[in-house]
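J.: Reading the sequence shown from the start, the letters are residues 148 to 220 in my numbering.
One structure is given below, represented as structure tokens, and several questions about it will come after.
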Amino acid sequence: MQIQLDINEKNADFFLQYLDSLKEGIITNMVITDDSRSFMVSSVEEVRKRLDDAEKNADYKEHDDFWKEMGVS
């Protein structure tokens, strides 16, 4: 599956760091171009599940806690 996103430049560096942390197991290939940034995700269902689980638990208080709920450290 291929997904194309347009990320505003203000948040691009943070978003790229987050994607880089997902490379093992979720993202199989990531290509960054000057005018657009794109990546491939091996399982959108897994990403949705992690988001749903984190939102259902809703016991996180800070931004970092949310990412821990997502399984990203």
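Where a beta carbon is used, it is the ideal one built from N, C-alpha and C, also for glycine.
Would DSSP call residue 163 helix, strand or coil?
T.: helix
J.: Hey, could you find the ends of the alpha helix (DSSP H) residue 198 is sitting in?
T.: 191–204
J.: Based on Cα-Cα distance, which residue from 177, 149 and 203 lies nearest to residue 162?
T.: 177
J.: Which two residues bound the contiguous beta strand (DSSP E) that contains residue 152?
T.: 149–152
J.: Distance, Cα to Cα, residue 166 vs residue 174?
T.: 8 Å
J.: DSSP three-state call for residue 155: helix, strand or coil?
T.: coil
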